[in-house]
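Peer 1: Take 1 as the starting number for the sequence shown in my numbering and just add one per residue.
C-beta atoms are modelled at their ideal positions from N, C-alpha and C, and glycine is treated no differently.
The model shown is predicted, which means the values in this text are computed figures rather than measured ones.
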Amino acid sequence: MKTSMYFGPFGGQYVPETLIPALDELEEAFLASATDSSFGEELLTLLTCIPGTLYQASR
């Protein structure tokens, strides 16, 4: 996914140098999870249980 050292197709990473390893680890975990179908199903289940801020106000 990386085309050059710090600059990707959308301009790059403007974060302190000490955060680069953590962001690389986060990117690897995201890419692994994105291809896992069970992760997607679990995420969808969790997101549908979150109550929204909109509700029907009866008179």
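#1: By how many angstroms is the C-alpha of isoleucine 50 removed from the C-alpha of glutamate 25?
#2: What are the start and end residues of the alpha helix (DSSP H) that includes leucine 47?
#3: Quick check on the DSSP output: the alpha helix (DSSP H) that includes leucine 67 runs from which residue to which?
Peer 2: On the basis of the supplied data:
#1: Walking along the sequence shown from the start, residue 25 turns up at place 25. Walking along the sequence shown from the start, residue 50 turns up at place 50. Each residue's alpha carbon lies about 28 Å from the other.
#2: Here residue 47 refers to the residue found at position 47 when the sequence shown is read from its first residue. Per DSSP, leucine 47 belongs to the alpha helix (DSSP H) from 37-48.
#3: No answer is possible for residue 67: it lies beyond the span of the chain, which begins at 1 and ends at 59.
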